[in-house]
Amino acid sequence: MKTIKIIAIAAVVLSATAFTAATFLADEGYKVGDTATDFKLKNIDGKTISLADYKTAKGFLVIFTCNSCPYAVAYEDRIIALDAKYKSKGVPVIAINPNNPKAQPKDSFEEMKVRAKDKGFTFPYLLDDGQKIYPQYGASRTPHVFLLEKTPKGNIVKYIGAIDDNYQDASQVENKYVENAVDAMLSGNEIAITTTKAIGCSIKVK
Amino acid sequence: MKYVACLVILTTLISCKVENVNVNNQLAVVGSVDNKPKQVYQKGDIVINAYNFQSIEPLFHKKDGKTYVINFWATWCKPCVAELPHFEHVKKEYESKNVEVILISLDLPTMVETNLLPFLEKHQLKSQVVLLDDPKQNEWIPKVSENWEGSIPATLIYNENQRAFFEKTFTLVELKNNLDQILKSN
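What follows is the structure in structure tokens.
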């Protein structure tokens, strides 16, 4: 009888914990150390892009960004610079627009093509069509960076947050969070700052 | 070493206090944000003070019996602009209940002249509006709330007894319900 009781209690505790863990993940998205999902999203050139397509990559800078947010626009040149610096080192930028174009017409697929051409984006600019990917990552704003390291076990989240510590003025930046994280990752060192917060635009849903 | 740090902090506090006296009442809408602004923008009768986080930080920890509704917004943020009328409504309806509404704009400083001032001139908001101009966001965002990811709209409602942070868009009913809950605690 006592054993049954213990088993019953254990079962309750276990299921409660499992439930908490599940809701926690659903609410919060990835933490550093989690394995990030791959995706199949349409690029502005009409092709479908997956992380698995990049056979020789060492990692990825998955950046949730968009046309319509001034904070995202303020970082466009710096995103291009990140791709220029790290694509050749095996860590390309993959930009994803998480907004629903019905809620923000400036972020439509057509407008994405226009913006990418005007700015000369050197990286894929994907639409999170159906908005299934950004909630899994836990992107809460644009711009929002997720640095992933490619390992035999999958793409592991190494850094989440802002590109650097000055959205207003690139020349006044004191801490290049993303560059420091990628450099540490590539040299096998520990990343000093693994999460940062920044103001950004909420992701637009309908 | 500790004493030196204390002394430095104390001196800073005192010097801030002295500055306050000088600039107080200089502007019509100073209200509870009375530290020296980083910059003052003006267009007609609209005056906007820009602050760094340190100067407005006391605003998030007042213990004066009032309940504060502090909303973070920007002119380019569509959902923020859509809910501004709710905050204006609350300001009017709850004025007699010792509630103060403050709208903290996060417009980029380069957009103040082109967007923020014309917006305020057009809409003639009754709530106090200040500009938070502080790029060190990773340092100040957690000081507003540990739960804030950084997206706007975001709203802090607090008084001496209770504190609630919302990283979401409000309907008027939701805003009033949440405010009523917190008022009960006061």
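Residue numbers (my numbering), protein chains in the order written: chain H, 264 to 469; chain S, -7 to 178.
We put the beta carbon where it would ideally sit given N, CA and C, even for glycine.
### Task
May I have the straight-line CA-CA distance separating ALA461/H from SER143/S, to the nearest angstrom?
The alpha-carbon atoms of ALA461/H and SER143/S are separated by roughly 8 angstroms.
Helix, strand or coil for TRP140/S, going by three-state DSSP, please let me know. It is coil, neither helix nor strand.
Residue environment, PRO415/H, which counts as buried when at least 16 other CB atoms sit within 10 Å:
A residue is called buried when at least 16 other Cβ atoms come within 10 angstroms of its Cβ; PRO415/H does not meet this threshold and is exposed.
Item checked: Reference GLY322/H; option with closest CA among PHE386/H, ASN418/H, LYS395/H -> For GLY322/H, the nearest C-alpha among the options comes from ASN418/H.
Which chain H residues sit within Cβ distance under 7 angstroms of ASN130/S? Contacts between ASN130/S and chain H, judged by CB atoms closer than 7 angstroms, involve ALA425, ASP428, THR459, LYS460, ALA461 in chain order.
For GLU224/S, name the three-state secondary structure that DSSP assigns. The first residue shown for chain S is -7 and the last is 178, placing residue 224/S beyond what the model contains.
Inset, instruction - Consider the Cβ of ASN17/S: report whether some Cβ of chain H lies at a distance smaller than 8 angstroms. - result: Only weak support exists for where ASN17/S lies, its pLDDT of 30 falling under 50; the coordinates are left without a value.
> So which residues of chain H does GLY36/S contact, with C-beta pairs closer than 8 angstroms?
Replying inline: Neighbours of GLY36/S on chain H: none; closest Cβ ~24 angstroms, over 8 angstroms.
**Q.** ALA320/H and TYR400/H closer than 8 angstroms at C-beta
**A.** Taking the C-beta atoms as reference points, TYR400/H is found no nearer than 8 angstroms to ALA320/H.
Task: Nearest-angstrom Cα separation, counted from ASP308/H out to GLY383/H - done: About 13 angstroms.
| request: Report the three-state DSSP secondary structure of SER331/H (helix, strand or coil). | output: Secondary structure of SER331/H (DSSP, three-state): coil.
message: Which residue marks the beginning of the beta strand (DSSP E) containing PHE52/S, and which one marks its end?
response: Here PHE52/S belongs to no beta strand (DSSP E), and DSSP marks it neither H nor E.
Next on the checklist: Counting C-beta neighbours from all protein chains within 10 Å, is the total for THR459/H 16 or more, i.e. buried, or is it exposed?
Outcome noted: THR459/H should be labelled buried.
request  = In angstroms with no decimal places, state the Cα-to-Cα distance between GLU374/H and ARG155/S.
outcome  = Their Cα atoms are separated by approximately 41 angstroms.
When burial is assigned at 16 or more other CB atoms within 10 Å of the CB, is GLY296/H buried or exposed?
-> So GLY296/H counts as exposed.
* Residue from PRO50/S, ASN153/S, LEU108/S, HIS53/S with nearest C-alpha to VAL35/S -> Looking at the sequence shown, residue 35/S is not Val but Lys. Measuring from the Cα of LYS35/S, the nearest candidate turns out to be LEU108/S.
Practice task
Report the three-state DSSP secondary structure of ALA289/H (helix, strand or coil).
Solution key: For ALA289/H, the predicted model reports a pLDDT of 41, less than 50, meaning its position is unreliable and no value from the coordinates is stated.
Notebook entry, point to check: Which two residues bound the contiguous beta strand (DSSP E) that contains TYR422/H?
Noted result: Segment 417 to 424, the beta strand (DSSP E) holding TYR422/H.
**Request:** Kindly indicate which three-state DSSP category SER177/S falls into: helix, strand or coil?
**Result:** Here SER177/S sits in coil by DSSP.
Handout entry: Burial state of ASN151/S (16 or more Cβ within 10 Å)
Key = Looking at its Cβ environment, which holds 16 or more other Cβ atoms inside 10 Å, ASN151/S is buried.
Exercise. Between the C-alpha atoms of ILE326/H and ILE359/H, what's the straight-line distance to the nearest angstrom?
Worked result: The alpha-carbon atoms of ILE326/H and ILE359/H are separated by roughly 6 angstroms.
Take the Cβ of HIS407/H as the centre, count every other Cβ of all protein chains shown within 10 Å, and call the residue buried at 16 or more, exposed below. Label assigned to HIS407/H: buried.
Quiz prompt | Whole-angstrom distance between GLU80/S and LEU117/S, CA atom to CA atom | solution = C-alpha separation (whole angstroms): 7 angstroms.
Let me see if you follow: with CB-CB separation under 8 angstroms, is SER465/H close to chain S or not? Judged by the 8 angstroms Cβ criterion, SER465/H is in contact with chain S.
Excluding the 5 residues flanking ILE133/S on each side, which residues of the same chain have their C-beta closer than 6 angstroms to its C-beta? Cβ within range, chain order: TRP140, GLY142.
Query raised in the report: Helix, strand or coil: how does DSSP classify ILE396/H here?
Result: Residue state for ILE396/H is assigned as helix, using DSSP reduced to three classes.
- Item | Selection from ILE454/H, ALA444/H, PHE372/H that minimises the alpha carbon distance to TYR388/H | PHE372/H is the residue among ILE454/H, ALA444/H, PHE372/H whose C-alpha sits nearest the C-alpha of TYR388/H.
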